[in-house]
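Colleague: Numbering (the UniProt record's numbering), first residue to last: 1 to 185. Here it is, the structure, as structure tokens.
Structural data, given as structure tokens:
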């Protein structure tokens, strides 16, 4: 499915369904500072929603999950998801995007006696297609958003930093991809 964005791409990225292992620990040892938060449903919806947050603790950005009735946040370990993240709930899964590495993970959450558990982690996207313009050098920054029922991946490509004029990196390209999460090669 394509969307009509002026100056944006109209490509769909197919995901690869891999399998991983994740460990969660209850953490009450420190106060968490959240950089990004996503809800699985509106608190007004009446359903048991899950809160996912990117937590900053001593410079380490961790993934933390919580649900109404839980006394502690559950902090994720065992999956290489260090660094700035973007979070989105889509089609019953929590998607975690590493913003500067183009890595997309899908966390499958299931209900259990304590509220919920992570039953599986899928590494969905680890690189862009070959000969993609973002492989030309410079830097990238990624975000994702659920828009009109689709999970969209937004990638910005920046030029090299120009220290002579003390300017921030210039945005060279912006591409928007609809992520096809049903693909299972």
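Every residue, glycine too, gets a C-beta built ideally from N, C-alpha and C.
(1) What do you reckon, are the CB atoms on residue 125 and residue 103 nearer than 8 Å?
(2) Per DSSP, what kind of secondary structure is residue 47 in: helix, strand or coil?
(3) What span of residues does the beta strand (DSSP E) with residue 178 cover, start to end?
(4) Less than 8 Å between the CB atoms is what I'm expecting for residue 89 and residue 96, so what's the real figure, rounded?
(5) Going straight from the alpha carbon of residue 71 to that of residue 142, what length do you get?
(6) Tell whether a beta-carbon distance below 8 Å holds between residue 108 and residue 93.
(7) I'd like the span of the beta strand (DSSP E) that includes residue 33, first residue to last.
(8) Can you tell me the Cα-Cα spacing of residue 51 and residue 170, whole angstroms?
(9) Out of 172, 41, 35, which one is the CA nearest neighbour of residue 146?
(10) Taking C-alpha atoms, which residue in 81, 44, 155, 36 lies nearest to residue 121?
(11) In the structure shown, what three-state DSSP assignment does residue 86 receive?
(12) Within 10 Å of its beta-carbon, does residue 111 have 16 or more other beta-carbons around it, so buried, or fewer, so exposed?
(13) Helix, strand or coil for residue 102? Go by DSSP, reduced to three states.
Modeller: Reading it off the structure:
(1) In terms of Cβ geometry, residue 125 and residue 103 form a close pair [threshold 8 Å].
(2) coil
(3) 171-180
(4) Beta-carbon to beta-carbon, residue 89 and residue 96 are separated by about 11 Å, too far to satisfy the 8 Å threshold.
(5) 33 Å
(6) yes
(7) 33-39
(8) 34 Å
(9) 41
(10) 81
(11) strand
(12) exposed
(13) coil
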